[in-house]
Amino acid sequence: MAKPESKIIPADQGETPGNRQRVSLREAFHERIHANHMHGLWELASQMTRHPRPKMIPYMWRWSVLESIIKESGEAVPVGDERRALQLFNPGLGGRWATTNNLIAAVQVLLPGEVARAHRHTPTAIRFIIEGTGAYTAVDGERVYMAPGDLILTPSWSWHDHGNETGETVVWMDGLDIPLIQSLEAMFFQFYTAPQVPASRPPNASKQLHGHAHLSPTWVKEKPQSSPLLLYSWDQTREALSALRENDGSPFDGVALEYRHPQTGGPVMPTMACWVQLLRPGQQTKAHRHTGSAVYNVVHGTGSTIIDGQRFNWSKGDIIAIPPWALHEHLNASSTEDAVLFSIQDTPVLEALGLYYEKALEEKDGHQEVTSVFAAT
Ligand code: GTQ
Ligand code: FE2
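Numbering of the sequence shown is given in this note's numbering, commencing with residue 19 and proceeding in unit increments.
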């Protein structure tokens, strides 16, 4: 915290006995209010910034590093009571359990034969499957089976356990709103009484009931805040992307599609939106900034994202954190291959509170000058 400065009244600067007295009076006053757990607003003015100044920094976790750590994790740590999930800590957030100010991303590893113990918590979770087919997350008694590219939801306070009865290791990206729930002091957590919750519905029941694009079951009257569809299969995602791939899309995001709550058309979860976006070969988007943070996972292709003038060169599996209000634009560097990005975003929170703001970069034809290239530190 900045100390109160005598420059509040420049007249103090003279070395007259009267000014010396005023300064020491003021210093004593500040000491006294601090000792009584108060601060003057004049001491805090620098925190009323003209625009967001996030503490989180743009950062990228490379798949090459993640992959070798994932391999090691299988031997180094058991699945135990907690999940074998490597939480990505943003270097700007001083050791907070956070990838962005509101979101945590992790990579989770489940070896053949393993079960991650059943539990529930108020943070909302998504899984985006990176590797391995046929493992499952059981959500409130329904096994939701995984394949690469699938999105699986674990709504707030739903019981869940993970199981891998296949012969191959499964790896996915977790996305949760843990930092937000922590700042709201709304964390609740419980273990289930048994390692797994008994099945109470058929496997993939939510997809069978709710997974039919624009057709919803009319007899289902319940409209949960989180999407009742727990599995968004890659097959359907890929089909939608390829059907729209010739479309202009958004100038800032390319062919960007949001996963939708099938009953409300809103985001999949009250606190997190999920997106998938396609950049055609050579496609370069324009730069913009908005409130809300995001974590990206590269599903396919090679390219770069320029964040506040810093170029992040990415390829499959890389995970990238974008701060609120950071200028960003994407580029597919390949002249032959599509690039596909999955992301989680906290925009539903900003939107619900009337705090979503967005601004395009108008100068230089909407593109940033690249001033540095990201290298992990
Ligand atoms: O798999 O249920 O990365 O509860 C963090 C908290 C994963 C999980 C995380 C969790 C989980
Ligand atoms: Fe969990």
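Glycine included, each C-beta is placed from N, C-alpha and C at the ideal position. The structure displayed is predicted, hence computed values, not measured ones.
Compute the Euclidean distance between the alpha carbons of residue i and residue j, then round it to the nearest angstrom.
i	j	result
residue 236	residue 230	13 Å
residue 267	residue 273	4 Å
residue 245	residue 202	22 Å
residue 363	residue 97	28 Å
residue 45	residue 77	41 Å
residue 329	residue 132	39 Å
residue 311	residue 346	11 Å
residue 47	residue 372	39 Å
residue 23	residue 38	For residue 23, the predicted structure reports a pLDDT of 49, less than 50, and the residue's modelled location is therefore unreliable. The matter cannot be settled from this model.
residue 36	residue 57	25 Å
residue 25	residue 65	Note that residue 25 scores 47 on pLDDT, short of 50, meaning its location in the model is unreliable and no value can be drawn from it.
residue 19	residue 161	Any reading at residue 19 needs caution, since the residue's pLDDT is 47, under 50, leaving its predicted position unreliable; the model's value is listed next. About 51 Å.
residue 249	residue 360	15 Å
residue 353	residue 262	19 Å
residue 225	residue 251	9 Å
residue 105	residue 283	31 Å
residue 206	residue 143	14 Å
residue 367	residue 40	47 Å
residue 322	residue 32	56 Å
residue 126	residue 49	49 Å
residue 257	residue 159	29 Å
residue 302	residue 348	6 Å
residue 87	residue 260	33 Å
residue 395	residue 108	11 Å
residue 276	residue 232	14 Å
residue 101	residue 137	10 Å
residue 92	residue 281	40 Å
residue 103	residue 195	15 Å
residue 69	residue 326	14 Å
residue 247	residue 265	27 Å
residue 374	residue 94	43 Å
residue 356	residue 212	45 Å
residue 389	residue 324	10 Å
Of the residues the options, which one's Cα is nearest the Cα of residue i?
i	options	result
residue 140	116, 89, 198, 163	198
residue 214	185, 33, 181	181
residue 344	66, 48, 74, 259	74
residue 163	259, 136, 220	220
residue 85	378, 196, 258, 190	190
residue 255	358, 369, 99, 377	358
residue 110	71, 146, 101, 137	71
residue 145	136, 159, 188	188
residue 319	325, 327, 332	332
residue 186	327, 166, 138	166
residue 169	279, 269, 297	279
residue 376	232, 205, 342, 361	342
residue 269	243, 259, 297	297
residue 393	222, 350, 79	79
residue 148	93, 95, 124	124
residue 192	210, 228, 155, 223	155
residue 216	92, 34, 157	157
residue 179	89, 42, 128, 200	128
residue 200	243, 121, 239	121
residue 151	135, 218, 130	130
residue 177	94, 184, 135	135
residue 183	204, 210, 208, 153	153
residue 378	112, 67, 271, 89	271
When DSSP builds the beta bridges, which residues end up paired with residue i?
i	result
residue 139	207
residue 278	285
residue 146	169, 191
residue 179	156
residue 272	268
residue 163	154
residue 377	307
residue 312	340, 363
residue 105	124
residue 79	337
residue 302	349
residue 295	274, 359
residue 133	181
residue 86	In the DSSP output, where bridge partners are listed per residue, residue 86 has none listed.
residue 391	329
> Would you say the segment 53-62 touches the segment 315-324, given that touching needs at least three Cβ pairs under 8 Å?
Replying inline: no
>> Quick check for students: name the residue ranges of the beta strand (DSSP E) that lie wholly in the segment 315-358, counting only runs of 3 or more.
In response: 320-325, 328-333, 337-340, 346-350
> In the segment 215-266, which residue ranges form an unbroken alpha helix (DSSP H) of at least 4 residues, counting only runs that do not cross its ends?
Replying inline: 223-228, 252-262
>> Three Cβ pairs or more, each shorter than 8 Å: is that satisfied between the segment 377-387 and the segment 295-309?
In response: yes
> Is there contact here, the segment 40-53 with the segment 286-295, by at least three beta-carbon pairs under 8 Å?
Replying inline: no
> Is the segment 330-348 touching the segment 100-118 in the sense that three or more CB pairs, one from each, lie closer than 8 Å?
Replying inline: yes
> With contact counted as at least three CB pairs below 8 Å, one residue from each stretch, are the segment 270-288 and the segment 168-182 in contact?
Replying inline: yes
>> Give the list of continuous alpha helix (DSSP H) stretches no shorter than 4 residues that lie fully inside the segment 34-82.
In response: 35-53
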